[in-house]
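Structure first, commentary second.
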Amino acid sequence: MSIAVPRGSDGRPGALWAVPALLYFALFAVVPMALVVALSFTDWSGLGSPHWAGARNWTRLLHDPGLGQSLRLSLLLTVVTWAVQTLICLPLGVWCAGPQRSRAVLGTLFFVPLLMSSAAVALLFGALLDPNFGLAHTVGPWIGVDDGNFIGDPHKALWTVTAVITWQFVPFHTLLYQAAARQVPAQLYEAATIDGAGRWRQFASITLPQLRNTVVTSSVLILVGSLTYFDIVLILTDGGPGTSTRILPLHMYLTGFSSFDMGYASVLAVLLLAAGTTLSLLVVRITGFRRMTSQREGL
Amino acid sequence: MKSAPTLGVTLGATLRATAAVSAAAVLAVTATACGSSGPGAAGGSGGGGRVTVWTLQDTAFNPVQKKSVSAYNAASKDTRATMQTFVNDPYKQKLQTALGSPNAPDVFLNWGGGNLSTYVKSGEVADLSADLDATFTAKFLPSVLAAGTLDGKVYGVPMEGVQPVALFSNKDVFAAAGITAPPATWQDLLADIDTLKAKKVTPIALAGSQAWTELMWLEYLLDRVGGPEVFAGIQAGTPGAWDDPAVATALGMIRDLVERGAFGTNYGSVSQDSGGADALLAKGRAGMELMGSWEYAGQLATAPKFVKDGKLGWTTFPTVPGGKGDPKNVVGNPSNFFSVTAKSANRSDAVDFVKKTVTEPSYVSDLLSIGQVPAVAGIDAQIKASPNADYTGFIYQLVAGAPSFTQSWDQALDPATAQKLLTNLQKVFNKQSTPQQFVSAMDAK
């Protein structure tokens, strides 16, 4: 090593460097989380001061008729968005990583949804999904929905919401895969070509294993993201029709900010916090992501 | 969008404005939800005769208010009123946190009824009974002032137009189907529905993705079937109030409408905020629509030709044979109200502001000129001389002659019950619940 480092240091920045980030995290993440836990033991409508309620809000969890459905819907949304997005984004990202000019142009177009805020996306689709004057009126009959009733039908609303969410987030995850695919060393493919491996074999034996860590990153983002996800659902269906799209984060939001029941909403928030943390730890542990093992031995 | 939905479509709002407002509302809501809502920059009651007035953002109404505030400031020597406007949906949340904080305003707009009573119960609203003499309170229509009155004490003073719900129709569609008069009775309505359906027109436009538009049907039907006492019991929290047979009867009539195809099949996807139901009526693809009185101004803004050619019809909600309720009763939003905060440092100035603005003749005529009908008594002559006199006259008579004016239930009930009600009612409209399931869901604690 020729680079001079101060004595007694391993060349890495001191703990002091982390202070701003840690302060920020404490102020905007740890403190609110602690407050939410505290609020979950109170009755508070937002008006006046919170009153101590003991464990009452927590026992209500057992009797909340909406909770089971919210959990089920959230789970369904999480699994489906993960499966659909991964199946679309991985191949698309790998394809976009190619050198051809047409791919660069198309790739740019694919990323347009990424530029829009969730509110804009939801309002846009809200207009498109109007069954009488929107695109739904024209497209509906082509796919067997004659009256264009997508977000108003209890059986189709969740799938429609899933499709909109997918539309919005496919570009982001495609970008992740594209970047990762570009990192795969060209020599691997050259060697494989010499060995006579076809395109499918190269994809399965080189690209996929090389993208392993990206799959984990993307999955954690999708899984945890869909747990806290609610803005599109709020604007598009507001949890309706009835409670057909009332996913857990929306259940929490409506309880807190429409019913002004902050105590119980905080219980739901703690539940979400625990679920999100558990899920991301679980994914990281199962996939061995934590070990940070390199995929590039021998290169 | 949601929490204060019956006011979601403000007078004079165009489609585009509504969409922009919804976007802003959602962003503001999101910001609040993230816990970043700090104290209002210019809030606070600084003392020294400064009166802070909070009101809702409304393109047609705000200029009228601004004029009234400047007139007041010019006339009074040492009191200065300043007005701040807020977008509808986040406003309720803002009030909820600002009232009782040092950043509370002196005078604030509210919806009266149950909403106001929540604030009164937490001791945030000043009792104005002693400040307002009988000659002042007698200036208002009693059925409207009632929504600002709790236990005989006046907490809110009507400051905007009355907003009863009425049945609107497209006269061209009626004529093409051979319907000569708007339905007067429930039987007429059912017959008209069948006639329109046979003509391949959606009989009634309904924005079913927003449950408050469906709630208007239940509000009127329950009043017609069982009288206003049934909902009064529900609002008072009387045990078993939802079990009144009139509730199930009214819901049964709604189910009948749905089964008959009165609303078509895709109403669940139609949104009121984006004008989906209003457009159906204006474009002649639906025959009728039950909506708040703002429908007229809304149609005037988005489909001016439809209104100016006299194609928009209106009538009272049909009578129900054998019903206990007076057919003259109305439901809707009695008005918006000005209230004074209990802890205001400028209480006497705030009261002075309210007294000297809301019944001013120039304010009344300005309201009439934007199509709003103020809740002030004895203004028939002024109405006759104003633009849109046919319509404003109808609305005025509707309210002035109403023995009872039931406030929109989602405003009258506490927020948690209102949410439960809207969700469960939507399930009835979507055939996911029966009337009995609705009643037991509402009974459940």
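Just so you know, the protein sequences line up as chains A and B, in that order. Position one of the first sequence corresponds to residue 146 (my numbering), numbered consecutively onward. Position one of the second sequence corresponds to residue 4 (my numbering), numbered consecutively onward. Note that beta-carbon positions come from the ideal geometry of N, C-alpha and C, so glycine has one too.
Problem - Inter-stretch contact at 8 angstroms, needing at least 3 Cβ pairs: the region 300–307 of chain A / the region 217–235 of chain A - result: With the cut-off at 8 angstroms, the region 300–307 of chain A and the region 217–235 of chain A touch.
Practice task
Identify each residue in the region 418–431 of chain B for which the Cβ-Cβ distance to at least one residue of chain A is less than 7 angstroms, and report them in chain order.
Solution key: PRO418, ALA419, GLN422, THR426, GLN429, LYS430: these are the residues of the region 418–431 of chain B whose beta carbon lies less than 7 angstroms from some beta carbon of chain A, given in chain order.
Problem - C-alpha gap between B:THR33 and B:LYS358, whole angstroms - result: For this step, residue 33 of chain B is matched to residue 30 along the second sequence. For this step, residue 358 of chain B is matched to residue 355 along the second sequence. Confidence at B:THR33 is low in this model, with a pLDDT of 37, below 50, so its placement is unreliable and the value that follows should be read with caution. Just so you know, the alpha carbons of B:THR33 and B:LYS358 end up roughly 37 angstroms apart.
Exercise for the section: Name the two residues that bound the continuous beta strand (DSSP E) containing B:GLN166. Expected result: On the second sequence, residue 166 of chain B is found 163 positions in, with the first residue counted as 1. Following the DSSP letters along the chain, one finds B:GLN166 inside the beta strand (DSSP E) bounded by residues 166–173.
Handout entry: A:ALA160 versus A:VAL175 - alpha carbon distance
Key = For this step, residue 160 of chain A is matched to residue 15 along the first sequence. For this step, residue 175 of chain A is matched to residue 30 along the first sequence. Between A:ALA160 and A:VAL175, the alpha-carbon positions lie close to 19 angstroms from each other.
Exercise for the section: Ignore the nearest five residues each way along the sequence and tell me which others in B:ALA214's own chain have a CB closer than 6 angstroms to its CB. Expected result: In the second sequence, residue 214 of chain B corresponds to position 211, counting from 1. The residues are LEU425, LEU428, GLN429.
Exercise for the section: Ignoring anything shorter than 3 residues or poking outside the region 134–197 of chain B, list the beta strand (DSSP E) runs there in chain order. Expected result: Runs found: 166–173.
Exercise for the section: For the alpha helix (DSSP H) holding B:ASP336, just list the boundary residues, first then last. Expected result: As a first step, residue 336 of chain B is located in the second sequence; it is residue number 333 there, counting from the start. The sequence shown places Asn at residue 336 of chain B, not Asp. Here B:ASN336 belongs to no alpha helix (DSSP H); instead the beta strand (DSSP E) covers 333–336.
Problem - A:SER403: first and last residue of the uninterrupted alpha helix (DSSP H) it sits in - result: The residue given as residue 403 of chain A occupies position 258 in the first sequence. A:SER403 -> no alpha helix (DSSP H), and no H or E assigned at all.
Practice task
Indicate whether the contact test is met: 3 or more Cβ pairs, each with one atom in the region 189–202 of chain A and one in the region 404–413 of chain A, closer than 8 angstroms.
Solution key: Judged by Cβ distances under 8 angstroms, the region 189–202 of chain A makes contact with the region 404–413 of chain A, as three or more pairs qualify.
Exercise for the section: Could you check the C-alpha separation between B:TRP189 and B:GLY267 for me, to the nearest Å? Expected result: For the purposes of this step, residue 189 of chain B is taken as the residue at position 186 of the second sequence. For the purposes of this step, residue 267 of chain B is taken as the residue at position 264 of the second sequence. If you take the alpha carbons of B:TRP189 and B:GLY267, they lie about 19 angstroms apart.
Handout entry: Backbone CA spacing between A:PRO354 and A:THR362 [nearest angstrom]
Key = As a working mapping, residue 354 of chain A is identified with position 209 in the first sequence. As a working mapping, residue 362 of chain A is identified with position 217 in the first sequence. Whole-angstrom Cα-Cα distance: 14 angstroms.
Problem - Residues that B:PRO377 bridges to, as DSSP identifies them - result: The residue you call residue 377 of chain B lines up with position 374 of the second sequence. According to DSSP, which records beta bridges pairwise, B:PRO377 is partnered with B:GLY164.
Exercise for the section: Could you please give the first and the last residue of the uninterrupted beta strand (DSSP E) stretch that includes B:MET86? Expected result: Looking up residue 86 of chain B in the second sequence gives position 83. B:MET86 -> beta strand (DSSP E) spans 83–89.
Handout entry: Residue range of the unbroken beta strand (DSSP E) whose run includes B:ARG53
Key = Along the second sequence, one-based indexing puts residue 53 of chain B at 50. For B:ARG53, the enclosing beta strand (DSSP E) starts and ends at 53–59.
Problem - Distance CB(A:LEU413)-CB(A:LEU235) smaller than 8 angstroms - result: Taking the first residue of the first sequence as position 1, residue 413 of chain A is located at position 268. Taking the first residue of the first sequence as position 1, residue 235 of chain A is located at position 90. Between A:LEU413 and A:LEU235, the CB-CB gap reaches or exceeds 8 angstroms.
Problem - Exposed unless 16 or more other CB atoms sit within 10 angstroms - verdict on B:PRO185 - result: Along the second sequence, read from residue 1 onward, the residue named residue 185 of chain B stands at position 182. It is buried - the Cβ of B:PRO185 has at least 16 other Cβ atoms within 10 Å.
Practice task
Helix, strand or coil for A:ALA410, going by three-state DSSP, please let me know.
Solution key: As a first step, residue 410 of chain A is located in the first sequence; it is residue number 265 there, counting from the start. The answer is helix: DSSP assigns A:ALA410 an H, G or I state.
Problem - A:GLY191: contacting residues in chain B (beta-carbon distance under 8 angstroms) - result: Counting from one through the first sequence, the residue named residue 191 of chain A turns up at place 46. For A:GLY191, the residues of chain B that pass the 8 angstroms Cβ criterion are GLN96, GLN99, THR100, in the order they occur in the chain.
Handout entry: Cβ contact check for the region 172–189 of chain A and the region 385–394 of chain A: 3 or more pairs under 8 angstroms
Key = Taking a cut-off of 8 angstroms on C-beta distances, the region 172–189 of chain A does not touch the region 385–394 of chain A, as fewer than three cross pairs fall below it.
Practice task
Would you mind telling me which residues of chain B sit closer than 7 angstroms to A:THR388, beta carbon to beta carbon, in chain order?
Solution key: For the purposes of this step, residue 388 of chain A is taken as the residue at position 243 of the first sequence. In chain order: THR426.
Exercise for the section: Give the straight-line distance between the Cα atoms of B:LYS5 and A:ALA326, rounded to the nearest whole angstrom. Expected result: By one-based count along the second sequence, residue 5 of chain B stands at place 2. By one-based count along the first sequence, residue 326 of chain A stands at place 181. Unreliable positioning characterises B:LYS5 in this predicted model, as indicated by a pLDDT of 36, which lies under 50. The coordinate reading is nonetheless provided below. Rounded to the nearest whole angstrom, the CA to CA distance from B:LYS5 to A:ALA326 is 44 angstroms.
Practice task
Compare the C-beta of B:ASN269 with all C-beta atoms of chain A and state if any pair is closer than 8 angstroms.
Solution key: Within the second sequence, the letter at position 266 stands for residue 269 of chain B. Residue-level contact check: B:ASN269 touches chain A, since one or more beta carbons of chain A fall below 8 angstroms from its beta carbon.
Exercise for the section: Name the residue from A:ARG201, A:SER403, A:ILE233 whose alpha carbon lies nearest to the alpha carbon of B:ASP417. Expected result: Stepping through the second sequence from its first residue, residue 417 of chain B is reached at position 414. Considering only alpha carbons, the answer is A:SER403.
Problem - Sub-8 angstroms separation of B:ASP134 and B:TYR158 beta-carbons - result: One-based indexing of the second sequence puts residue 134 of chain B at position 131. One-based indexing of the second sequence puts residue 158 of chain B at position 155. Cβ distance not < 8 angstroms, so B:ASP134 and B:TYR158 don't count as in contact.
Handout entry: Nonlocal neighbours in the same chain, by C-beta distance under 8 angstroms from B:ALA28, ignoring five residues either side
Key = Start at 1 with the first residue of the second sequence, and residue 28 of chain B comes out as number 25. The pLDDT assigned to B:ALA28 is 39, lower than 50, so where the model puts this residue is not dependable, and the model offers no usable value.
Exercise for the section: For the beta strand (DSSP E) containing A:ASN294, list its first residue and its last residue. Expected result: The residue labelled residue 294 of chain A in the question sits at position 149 within the first sequence. Note, A:ASN294: premise wrong, no beta strand (DSSP E); not H, not E.
Practice task
Compare the C-beta of A:LEU274 against all C-beta atoms of chain B and say whether one is closer than 8 angstroms.
Solution key: As a working mapping, residue 274 of chain A is identified with position 129 in the first sequence. So yes, A:LEU274 belongs to the interface.
Practice task
Use the C-beta contact count for A:ILE392: other C-beta atoms within 10 angstroms, 16 or more gives buried, fewer gives exposed.
Solution key: Looking up residue 392 of chain A in the first sequence gives position 247. The C-beta of A:ILE392 has 16 or more other C-beta atoms within 10 Å across all chains shown, which makes the residue buried.
Handout entry: Which of helix, strand or coil DSSP assigns to B:GLY41
Key = Position 38 of the second sequence, counted from the first residue, corresponds to residue 41 of chain B. Any reading at B:GLY41 needs caution, since the residue's pLDDT is 34, under 50, leaving its predicted position unreliable; the model's value is listed next. Three-state DSSP puts B:GLY41 in coil, outside helix and strand.
Practice task
Name the residue from A:GLY279, A:THR400, A:PHE173 whose alpha carbon lies nearest to the alpha carbon of B:ALA419.
Solution key: Taking the second sequence and counting its residues from 1, one reaches residue 419 of chain B at position 416. Ranking the options by Cα distance to B:ALA419, first place goes to A:THR400.
Problem - A:ILE351 - containing alpha helix (DSSP H), residue span - result: Your numbering for residue 351 of chain A matches position 206 in the first sequence. Neither: A:ILE351 is in no alpha helix (DSSP H) and is coded neither H nor E.
Handout entry: chain A within 8 angstroms of B:VAL29, Cβ atoms only
Key = On the second sequence, residue 29 of chain B is found 26 positions in, with the first residue counted as 1. Interpretation of B:VAL29 is limited by its pLDDT of 39, a score under 50 that renders its predicted location unreliable; no figure is taken from the coordinates.
Handout entry: Beta carbon of B:LEU221 nearer than 8 angstroms to that of B:ALA253
Key = If you number the second sequence from 1, residue 221 of chain B lands on position 218. If you number the second sequence from 1, residue 253 of chain B lands on position 250. In this structure, B:LEU221 places its C-beta atom within 8 angstroms of the C-beta atom of B:ALA253.
Handout entry: Local conformation of B:ILE257 per DSSP, three classes
Key = In the second sequence, counting from the first residue as 1, residue 257 of chain B sits at position 254. In the structure shown, B:ILE257 falls within a helical segment according to DSSP collapsed to helix, strand and coil.
Exercise for the section: For chain B, find out if any of its Cβ atoms is closer than 8 angstroms to the Cβ of A:SER185; answer yes or no. Expected result: Along the first sequence, one-based indexing puts residue 185 of chain A at 40. Closer than 8 angstroms: no.
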